[in-house]
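Novice: Residue numbers (our numbering): 13 to 197. C-beta: ideal position from N, C-alpha, C; glycine also.
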Amino acid sequence: MELSDAIRSRRSVRKYKSDPIPEQTIKELLELAAWAPSGMNTQPWLFVLVKGNDYLKDLSDRSRAFILAQMEDAPALKNYRSLLSNPDFNIFYGAPMLVLIFGSKNAFTYTNDCSMAALNLMLAAWDRGIGSCWIGFARGYCGAPACMKELNVPEGYELVAPVILGYPAVPPGQVARKEIRIISR
């Protein structure tokens, strides 16, 4: 697939087959993710791989509860109250893998750097027919100290990008793009 085709056709996937992604493919995807640019070449990312339907469902349930408990302090999340209150809603959409990209807080630009690594990961995955979706609902709980300890994340890191991966159950649809806003001076 040409890079321009991957950029134009990649979409967030929210329905997955249960087929696992081969370990070698995961290794290749993470290597490509790590080729992202980083400020002063710090390469501050740490990739945490989370697999297993039962564990991911439990992590989804804990993430939903975490957000619901904080909803009064986060007005932007109130629109999602009914969705997050549904015990059948899985924030990971049944994907077979979650990649949590943490950044070292010792690097000045770790949020930008890890975001670029996440984009590399998603584009490289799409090139191999693997769908992805950045799961903002996972940032709170998966970035909390208790969960980070459970996942063996060392101190000094912060969760930047929770990304699910899996083979799409249905092809993602096309979405119209808004007109590009440009200011020239």
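1) Going by DSSP, what residues sit across from Cys145 in a beta bridge?
2) Are Gly155 and Glu170 touching if we call contact CB-CB under 8 Å?
3) Measure how close the beta-carbons of Tyr28 and Pro174 come, nearest whole angstrom, since I'm counting them as under 8 Å.
4) Report the rounded CA-to-CA distance for Leu177 versus Cys145, giving the unit in angstroms.
5) What does DSSP give as the partner residue(s) for Ser116 in the beta ladder?
6) Go through its chain and collect everything with a Cβ distance to Phe104's Cβ below 7 Å, but skip five positions before and after it.
7) Please report the distance separating the alpha-carbon of Pro99 from that of Arg93.
8) For Val172 and Phe78, which I take to be in contact (beta-carbon distance under 8 Å), what is that distance rounded to the nearest angstrom?
9) Would you call Ser50 buried or exposed, if buried means 16 or more other Cβ atoms sit within 10 Å of its Cβ?
10) Would you decide whether Val182 is buried or exposed? Buried here means 16 or more other CB atoms lie within 10 Å of its CB.
11) Just how far apart, CA to CA, sit Met160 and Ser196?
12) Out of Leu15, Glu14, Met13, Ile19, point me to the one whose CA is closest to Arg189's CA.
13) Using the beta-carbon count (16 or more within 10 Å), is Gly185 buried or exposed?
14) Considering Phe59, what are the terminal residues of the beta strand (DSSP E) in which it resides?
15) How is Tyr28 classed by DSSP in three states: helix, strand or coil?
16) Here's a check: name, in chain order, each residue in its chain whose Cβ is nearer than 6 Å to the Cβ of Ala119, leaving out the five neighbours to either side.
17) Rounded to a whole number of angstroms, what is the C-alpha to C-alpha distance between Ser30 and Gly106?
18) Can you look up Met134 in the DSSP assignment and give me helix, strand or coil?
19) Where DSSP assigns a beta bridge to Met109, which residues make up the other side?
Specialist: Looking at the atomic coordinates:
1) Locating residue 145 in the sequence shown gives position 133, counting from the first residue. DSSP lists Ile176 as partners of Cys145.
2) Along the sequence shown, one-based indexing puts residue 155 at 143. Along the sequence shown, one-based indexing puts residue 170 at 158. Contact flag set, yes.
3) As a first step, residue 28 must be located in the sequence shown, where it is residue number 16. As a first step, residue 174 must be located in the sequence shown, where it is residue number 162. By a beta-carbon distance limit of 8 Å, Tyr28 does not contact Pro174. Their separation comes to about 15 Å.
4) On the sequence shown, position 165 is the one that residue 177 refers to. On the sequence shown, position 133 is the one that residue 145 refers to. For Leu177 and Cys145, the distance between alpha carbons rounds to 7 Å.
5) As a working note, residue 116 is residue 104 in the sequence shown. Partner(s): Tyr169.
6) Taking the first residue of the sequence shown as 1, we reach residue 104 at position 92. Correct list, in chain order: Leu68, Ser72, Leu110, Ile147, Ile176.
7) On the sequence shown, residue 99 is found 87 positions in, with the first residue counted as 1. On the sequence shown, residue 93 is found 81 positions in, with the first residue counted as 1. Looking at the two C-alpha atoms, the distance is approximately 12 Å.
8) Against the sequence shown, residue 172 aligns to sequence position 160. Against the sequence shown, residue 78 aligns to sequence position 66. Phe78 and Val172 do not touch by the CB rule: their CB atoms are close to 17 Å apart, not below 8 Å.
9) In the sequence shown, residue 50 corresponds to position 38, counting from 1. So Ser50 counts as buried.
10) Along the sequence shown, read from residue 1 onward, the residue named residue 182 stands at position 170. Exposure of Val182 is indicated by the presence of fewer than 16 other C-beta atoms within 10 angstroms of its C-beta.
11) Your numbering for residue 160 matches position 148 in the sequence shown. Your numbering for residue 196 matches position 184 in the sequence shown. Distance between Met160 and Ser196, taken at the CA atoms: about 44 Å.
12) Within the sequence shown, numbered from 1, the residue matching residue 189 stands at position 177. When only C-alpha atoms are compared, the closest one is Ile19.
13) Here residue 185 corresponds to residue number 173 of the sequence shown, with the count starting at 1. Exposed, by the Cβ-count rule.
14) To locate residue 59, count along the sequence shown from 1; it is residue 47. Here the beta strand (DSSP E) through Phe59 covers 57-63.
15) Looking up residue 28 in the sequence shown gives position 16. Tyr28 falls in the strand class under three-state DSSP.
16) Locating residue 119 in the sequence shown gives position 107, counting from the first residue. Within the same chain, Ala119 has close Cβ partners Thr54, Pro56.
17) For the purposes of this step, residue 30 is taken as residue 18 along the sequence shown, with counting starting at 1. For the purposes of this step, residue 106 is taken as residue 94 along the sequence shown, with counting starting at 1. Each residue's CA atom was taken as its position, placing Ser30 and Gly106 some 7 Å apart.
18) Translated into positions along the sequence shown, residue 134 becomes position 122. In this structure, Met134 counts as helix in the three-state DSSP scheme.
19) The residue labelled residue 109 in the question sits at position 97 within the sequence shown. Paired residue(s): Lys63, Leu177.
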